[in-house]
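Participant:
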Amino acid sequence: MRLLILFAIGLIFGFGISLSGMINPAKVLNFFDIFGTWDPSLAFVMAGALAVTIPGYFLVQKRGSPLFGDSFHMPANRKIDKRLVIGSAMFGIGWGIAGFCPGAAVPALGLLNGQVILFLAALVTGIGCARIATGETLYPAVKLFLKP
Amino acid sequence: MSTDFTPLFSFTGGALIGLAAVLLMTVQGRVFGATGILAGAISSKDKQETIWRVCLIAGMVSAPIVFQWITGAFPEFSIPVTTPSLIIGGLIVGFGVHLGSGCTSGHGICGNARLSPRSMIATLTFMITGFIAVFVIRHLFGV
Chain A
1 MRLLILFAIG
11 LIFGFGISLS
21 GMINPAKVLN
31 FFDIFGTWDP
41 SLAFVMAGAL
51 AVTIPGYFLV
61 QKRGSPLFGD
71 SFHMPANRKI
81 DKRLVIGSAM
91 FGIGWGIAGF
101 CPGAAVPALG
111 LLNGQVILFL
121 AALVTGIGCA
131 RIATGETLYP
141 AVKLFLKP
Chain B
1001 MSTDFTPLFS
1011 FTGGALIGLA
1021 AVLLMTVQGR
1031 VFGATGILAG
1041 AISSKDKQET
1051 IWRVCLIAGM
1061 VSAPIVFQWI
1071 TGAFPEFSIP
1081 VTTPSLIIGG
1091 LIVGFGVHLG
1101 SGCTSGHGIC
1111 GNARLSPRSM
1121 IATLTFMITG
1131 FIAVFVIRHL
1141 FGV
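Quick note, the sequences are listed as chains A and B, same order. Going by my numbering, the first sequence opens with residue 1, and the numbers climb by one from there. Going by my numbering, the second sequence opens with residue 1001, and the numbers climb by one from there.
1. Can you check whether the C-beta of F1126 (chain B) is within less than 7 Å of a C-beta belonging to chain A?
2. Using a Cβ-Cβ cut-off of less than 8 Å, give me the residues of the stretch 79-92 of chain A that come near chain B, in sequence order.
3. Interface residues of chain B around A76 (chain A) at Cβ under 8 Å?
4. Any idea what DSSP makes of Q1048 (chain B), helix, strand or coil?
5. Which ranges would you report for the beta strand (DSSP E) in the stretch 1037-1085 of chain B if only whole runs of at least 3 residues count?
6. Excluding the 5 residues flanking F119 (chain A) on each side, which residues of the same chain have their C-beta closer than 7 Å to its C-beta?
7. Taking the C-alpha atoms as reference points, what is the distance between V1061 (chain B) and S1002 (chain B)?
8. Taking the alpha-carbon positions, what's the A121 (chain A) to F44 (chain A) distance?
9. Buried or exposed: where does S71 (chain A) fall if 16 or more other Cβ atoms within 10 Å of its Cβ makes it buried?
10. Taking contact to mean 3 or more Cβ pairs, one atom from each stretch, closer than 8 Å, check whether the stretch 62-81 of chain A and the stretch 1070-1086 of chain B are in contact.
11. So G1108 (chain B) contacts chain A; which residues on that side make the cut at Cβ distance below 7 Å?
12. Output needed for G1014 (chain B): all residues of its chain with C-beta closer than 6 Å, excluding positions within five of it in sequence on either side, in chain order.
13. Take G1033 (chain B) as the anchor and find which of A:H73, A:L111, A:N113, A:M1 has the nearest alpha-carbon.
14. Ignore the nearest five residues each way along the sequence and tell me which others in P148 (chain A)'s own chain have a CB closer than 7 Å to its CB.
15. Work out the CA separation of Y57 (chain A) and T1125 (chain B) for me, nearest whole Å.
16. Whole angstroms are fine: how far does the CA of V60 (chain A) sit from the CA of N24 (chain A)?
17. Exposed or buried, A1133 (chain B), counting other C-beta atoms within 10 Å across all chains shown (16 or more means buried)?
18. At a Cβ threshold of 7 Å, is K27 (chain A) touching chain B?
19. Say whether chain A places a C-beta atom closer than 7 Å to the C-beta of P1075 (chain B).
20. So for S1116 (chain B), helix, strand or coil by DSSP?
21. List the endpoints of the continuous alpha helix (DSSP H) containing G36 (chain A).
22. Does the pairing of the stretch 1047-1057 of chain B with the stretch 84-96 of chain A give three or more beta-carbon distances under 8 Å?
23. Going by C-alpha distance, which of B:F1141, B:F1095, B:M1127 is nearest T1035 (chain B)?
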């Protein structure tokens, strides 16, 4: 039951990505292209999402705990450091080059387009490289593969 | 290539994304960050931590198909960049989101909804560099 609910939540998210136009790299890149073929639609995506999440999160956290699980897991890190700014700056550059962000590329997989698979493979590889660069553990599956 | 201005569809779609984020917090007590969900699904050693993420991803991937059932057409979709750009962009996005601990959904929606200063800085940063990247590529290099 819980897993079915989670599937439905993923479906709602992906449906929102599809309806909003976030799924379309051409639209994303036009959002960034103020001096060209500008399409400001995606500002409305952020506005629509925050219009729901700001009051929604506020109300949800009045409950003591989530339906399944013992507590709310809020990101605890509050540091504004070089790592945050450099990482976010890189993300923006990559987003501007490819037109995909992770939250849009995952639902786009459902369009059965080979280029989406290429982007996601590059994305996962990029995360893996960052894990190595920051000295974190690599994906367990990769480690298994690399073991002699 | 120009795209249509769709404020109503975009706002409604955004509201659905927000709804999914609030529901995930209600059910699982987690923020809806696509980066964390994707990376966690692959890298988590705990089976329980993997399975809820896999269910979410399965729902996300099914969405365009359900969208097609309901509306009669797949969502508008075109990739206006070359395959090498897509791969290079993907590598940089992956490296960046891991370093910056989040992307558009994690920082841009969930983090900003919690009024996290960290997420506001992250969002501002990736929006600005996104604009710069597109400006440089399209208007300075004229690609």
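Heads up, the beta-carbon is just placed ideally off N, CA and C, and yes, glycines get one too.
Facilitator: The short version:
1. Judged by the 7 Å Cβ criterion, F1126 (chain B) is in contact with chain A.
2. Those residues of the stretch 79-92 of chain A that come within reach of chain B (Cβ to Cβ, closer than 8 Å) are K79, I80, R83, L84, V85, I86, G87, S88, A89, M90, F91, G92.
3. Residues of chain B passing the Cβ test: none, with the nearest at roughly 11 Å.
4. Looking at Q1048 (chain B) - three-state DSSP - the assignment turns out to be helix.
5. Note on the stretch 1037-1085 of chain B: there is no whole beta strand (DSSP E) run with a minimum of 3 residues.
6. Excluding positions up to five away in sequence, the list reads A98, F100, A105.
7. V1061 (chain B) and S1002 (chain B) have their C-alpha atoms roughly 26 Å apart.
8. When rounded, the separation of the alpha-carbon atoms in A121 (chain A) and F44 (chain A) is 29 Å.
9. With fewer than 16 Cβ atoms within 10 Å of its Cβ, S71 (chain A) is classed as exposed.
10. Under the three-pair Cβ rule at 8 Å, the stretch 62-81 of chain A does not count as touching the stretch 1070-1086 of chain B.
11. By Cβ distance, chain A contributes M46.
12. The answer is none, since no qualifying residue turns up.
13. Measuring from the Cα of G1033 (chain B), the nearest candidate turns out to be A:H73.
14. Here the model assigns P148 (chain A) a pLDDT of 46, short of 50, so the residue's position is not dependable and the matter cannot be decided.
15. Going by the C-alpha atoms only, they are around 24 Å apart.
16. Taking the straight line from one Cα to the other gives about 31 Å.
17. It counts as buried.
18. Closer than 7 Å: yes.
19. Chain A, which has a Cβ nearer than 7 Å to the Cβ of P1075 (chain B), makes this yes.
20. In this structure, S1116 (chain B) counts as coil in the three-state DSSP scheme.
21. Premise fails: G36 (chain A) is in no alpha helix (DSSP H) and is neither H nor E.
22. The stretch 1047-1057 of chain B makes no contact with the stretch 84-96 of chain A: fewer than 3 CB pairs, one atom from each, lie closer than 8 Å.
23. Put simply, of B:F1141, B:F1095, B:M1127 the residue whose alpha carbon is nearest the alpha carbon of T1035 (chain B) is B:F1095.
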